[in-house]
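Heads up: the sequence shown begins at 4 in the working numbering, then just goes up one per residue. Everything below concerns the one structure shown next.
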Amino acid sequence: MTDPVTTDSGIPVKKIYEKKDIPPNWTRSLGKPGQFPYTRGVYDGMYRDRLWTMRQYTGFGSAKETNRRFKYLISHGETGLSTAFDLPTQLGLDSDHPRAAGEVGRVGVAISSVHDMRRLFEGIDLGSVSTSMTINATAPILLSLYIAVGMEQGIPQNKLKGTTQNDILKEYIARNTYIYPPEASLKLSVDLIEYCAHKMPRWHPISVSGYHIRESGANAVQELGFCFANAIEYVKVALERGLKIDQFAPQLSFFFACRNDFLEEIAKFRASRRIWARIMKDRFKAQDPESCKLRFHTQTSGETLTAQQPDNNIVRVAIQALAGVLGGTQSLHTNSRDEALSLPTEESVQIALRTQQIIAHESGVTKTADPLAGSYYLESLTRNLEADATRLLEKVEDLGGARKAIESGFVHREIQESAYRFQKSVDEGRTIIVGVNKFTEGSSGPKIQRIDPKLERNQVRQLRKMKASRNTGQVKNALGRLSSSAKHHNNLVGDILSAVNSGCTVGEISDVLRDAFGEYRVRIDV
């Protein structure tokens, strides 16, 4: 007996789909693009009226080096910036901290102060560009640095456009770049949501991430279920602050992965809009249609890229990017062919960007909204993904919500089991990965991007020079005010902004918060 045919998420797939597989009530519930529940897209014209934002996730070495790459990408047609930060910056450590040694500028750009942020965006008009920042534990600090540079350029914060990831709950699930205990971390995330609701209407203060959950081994159903469970947690805490749902919900955004099961991924994006629209309308009683529209960024799956035969990754990325577009994404990053080996070279980044541009201008898929609607198989997949993800979300709610489901180990166990099943399928040859477990052959790899060790030494030298030349009295006073506010449970973003304007560094501000909240360490039972 042969194994049953399923999607990557285990949804059974019939040999053929017919009209009878789509119930009449499903067809009636689809609506038109731009209409609730937004199955077919959040805007009526979709890409016929305006293309998605084309971003390339960029950051390495020094601010100066990354600035050069930003300008290179803009000159080649990139329409939005996406910033990667190094591990010390993500963990609230200055570049001259002993624990930062060897990691400065390695997996992203090193940012310790407003001087670094100024160099990062030198010659780039922050009033006209949209900037995404993949930063979580230190998100309020990095956004404050960005605001400070915008103000130096004469751009008020209410005119700045972009996104901070700021999704700390998924850090405890998938990435582990947290600093503080979960309750304090959640408070800081919602501080940013509250601050932007009042002062930065064009900024998305959070991008709730299914991407990293998926990359850690989850399937498509788990990606949606756990992502929306986290989103509900943020909404609940924001409401407890006294915010009204329609006051902040239109600024919430999401971030999803796109893997290789082409039609399942398209269906996943369509299902995600339906789930979020109903959560907003039915559970949280949102009145503003903008609150019910799920806006999301898509990144092609870095985890699916292979070090073997890396040029094959160009094809994988093209398929994944096309699925993201057909699924209705608002923003897209295409991975580069060499990212299983190193940070991408300029040549590889250009190919990745050209992939988006070819889809946009040559494929024809942008001529009409939701061009695959009505496909018996696609609508069946959308329906099944919505139902399965909703059931998982309800299970998390029965456990007490996202925080308790994470703390109990439920989320980790579910993802680990999914990852194990997938890897077992690869090892046994039931899932084929071209160039890895079939059609293998020797191949020479592409040129690898390498980080010059001098960049770290220069970064540390510049930082120490800055610390020696600033007004130490102003620094001490600003950090003192922040410390007092943290102990009184105030919204901290305003004090953090004052601190960066007074010359305080990412590490110094993070240390004040460490003193106030403590550091989180996972307990390992032996």
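No residue lacks a Cβ here, since even glycine has one placed at the ideal position from N, Cα and C.
>> Given this structure, state the Cα-to-Cα distance separating residue 512 from residue 502, to the nearest angstrom.
In response: The C-alpha of residue 502 is placed about 8 Å away from the C-alpha of residue 512.
>> Tell me the DSSP secondary structure of residue 281 in three-state form.
In response: The answer is helix: DSSP assigns residue 281 an H, G or I state.
>> With H, G and I counted as helix, E and B as strand and the rest as coil, what does DSSP make of residue 164?
In response: Strand.
> With DSSP run on the structure shown, which of helix, strand or coil describes residue 60?
Replying inline: Here residue 60 sits in strand by DSSP.
>> Going residue by residue through the stretch 131-204, where are the continuous beta strand (DSSP E) segments of at least 3 residues, counting only ones entirely within it?
In response: For the stretch 131-204, whole beta strand (DSSP E) runs of length 3 or above, ordered along the chain, are 133-137 and 164-167.
> According to DSSP, which residues form a beta bridge with residue 336?
Replying inline: Beta-bridge pairing links residue 336 to 58 and 302.
> Which residues mark the beginning and the end of the beta strand (DSSP E) in which residue 83 is found?
Replying inline: Run containing residue 83: 83-87, per the beta strand (DSSP E) assignment.
> Beta carbon of residue 427, beta carbon of residue 435: below 8 Å?
Replying inline: No. Outside cutoff.
> What residues in its chain sit with their C-beta under 6 Å from that of residue 301, if we drop five residues either side in the sequence?
Replying inline: Cβ neighbours of residue 301 beyond the five flanking positions: 259, 261, 327, 332 and 335.
> Helix, strand or coil for residue 112 per DSSP?
Replying inline: Three-state DSSP puts residue 112 in a strand.
> Using CA coordinates, which residue listed in 17, 49 and 496 is at the minimum distance from residue 372?
Replying inline: Relative to the Cα of residue 372, the nearest Cα in the group 17, 49 and 496 belongs to 49.
> For the beta strand (DSSP E) that residue 255 lies in, which residues bound it at each end?
Replying inline: Counting along the chain, residue 255 sits inside the beta strand (DSSP E) bounded by residues 255-261.
>> Cutting at 6 Å between CB atoms, please list the residues of its own chain near residue 144, excluding the five before and the five after it.
In response: So the list reads 499, 509 and 512, once near-sequence residues are dropped.
> How is the alpha helix (DSSP H) around residue 209 delimited, first residue to last?
Replying inline: Going by DSSP, residue 209 is part of no alpha helix (DSSP H) but of the beta strand (DSSP E) stretching over 209-212.
> Quick one: what's got a C-beta closer than 6 Å to residue 528's C-beta in the same chain, skipping five residues either side?
Replying inline: Here residue 528 scores only 49 on pLDDT, less than 50, and its place in the model is too uncertain to base an answer on.
> Over what stretch of residues does the alpha helix (DSSP H) that includes residue 91 continue unbroken?
Replying inline: For residue 91, the enclosing alpha helix (DSSP H) has its first and last residue at 90-93.
>> Which residue wins for smallest C-alpha separation from residue 481, given the options 515, 310 and 492?
In response: Selection 515, 310 and 492 evaluated against residue 481 yields 515 as nearest (Cα-Cα).
>> 8 Å is my cut-off, CB to CB: does residue 392 come that close to chain C?
In response: Chain labels in this structure do not include chain C; a single protein chain is all it has.
>> What would DSSP say about residue 369, mapped onto helix, strand or coil?
In response: In the structure shown, residue 369 adopts coil according to DSSP, grouped into three states.
> Which residues in the same chain as residue 314 place their Cβ atom closer than 7 Å to its Cβ, once the five residues preceding and following it in sequence are excluded?
Replying inline: Within its own chain, the residues whose Cβ lies closer than 7 Å to the Cβ of residue 314, once the five positions on either side in sequence are excluded, are 340, listed in chain order.
> Among the residues of its own chain, which have a CB less than 6 Å from the CB of residue 486, if the five just before and after it don't count?
Replying inline: The beta carbon of residue 486 is closer than 6 Å to those of 515 in its chain, skipping five residues each way along the sequence.
> Which word fits residue 321, buried or exposed, when buried means at least 16 other C-beta atoms lie within 10 angstroms of its C-beta?
Replying inline: Its Cβ being crowded by 16 or more others within 10 Å, residue 321 is buried.
> Are the beta-carbon atoms of residue 93 and residue 136 separated by less than 8 Å?
Replying inline: No, these two residues do not count as a Cβ contact at 8 Å.
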